[in-house]
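Numbering (this note's numbering), first residue to last: 1180 to 1368.
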């Protein structure tokens, strides 16, 4: 089963400030699960001005120990390699295409860890708001699909879905805080 995770937010700040804050959002003391973010590739297309970035994020394994132990005991018949749940860190890859001329940035990210058992993907867009050109819309669509654990796929998908929705809301809060620090109060209508 594929579980969707969708987010929509309007930041009442200009696109350039929102993208700047996004690129420096992590690591942050308000989100202890993100350990590091490293840019591994960055290039600008001379003809279009589009800036391509590839970043790798290292995050703490957030599957609670009690769930890991329960699944290790219950899933052993379905999933021979349950020990992979015990790894301390998870890697995510993010690719972005920042188009300063069109005031948009498309982002695709996916989990590099557990790829044989789980698919966690997100597609996001920052763009100038149609409501107010001084505001920025953020649209994110994500999906989670876990295989190989029989009935327990649903338990893991439910946990991941809840965690990602909470993480998205926490990320929005961090962005708002960074924007307020950088720019002051949000722009009025």
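All residues carry an ideal CB built from backbone N, CA and C; glycine is no exception.
Being a predicted model, the structure only gives us computed values, none of them experimental.
Legend entry - Burial state of residue 1211, where buried means 16 or more other Cβ atoms lie within 10 Å: exposed
Inset, instruction - Could you tell me if residue 1205 is buried or exposed, where buried requires 16 or more neighbouring beta carbons within 10 angstroms of its beta carbon? - result: Taking all protein chains in view, the Cβ of residue 1205 is crowded by 16 or more other Cβ atoms within 10 Å, so the residue is classified as buried.
Legend entry - Residue closest to residue 1182, alpha-carbon to alpha-carbon, out of 1348, 1353, 1320, 1268: 1320
Legend entry - Beta-carbon proximity list for residue 1307, same chain, < 6 Å, skipping 5 on both sides: 1194, 1282
Legend entry - Member of 1347, 1192, 1271, 1231 whose CA lies at the smallest distance from the CA of residue 1297: 1271
Inset, instruction - Check the DSSP bridge columns for residue 1239 and list the partner residues they point to. - result: 1268
Legend entry - Those residues which DSSP pairs with residue 1232 across a bridge: 1221, 1275
Inset, instruction - Name the two residues that bound the continuous beta strand (DSSP E) containing residue 1319. - result: 1315 to 1325
Inset, instruction - Report the partner residues of residue 1184 according to the DSSP bridge assignment. - result: 1321
Legend entry - Residue range of the unbroken alpha helix (DSSP H) whose run includes residue 1310: First-last for residue 1310: undefined, no H or E at that position.
Inset, instruction - Please go through the same chain and pick out, in chain order, the residues whose beta-carbon is closer than 6 Å to the beta-carbon of residue 1233, but skip the five residues on each side of it. - result: 1219, 1220, 1274
Legend entry - Residue range of the unbroken alpha helix (DSSP H) whose run includes residue 1345: 1331 to 1362
Legend entry - Test item: CB-CB of residue 1240 and residue 1269 under 7 Å: yes
Inset, instruction - Please report how far the alpha carbon of residue 1266 lies from the alpha carbon of residue 1333, in whole angstroms. - result: Cα to Cα, residue 1266 sits roughly 21 Å from residue 1333.
Legend entry - Bridge-paired residues (DSSP) for residue 1194: In the DSSP output, where bridge partners are listed per residue, residue 1194 has none listed.
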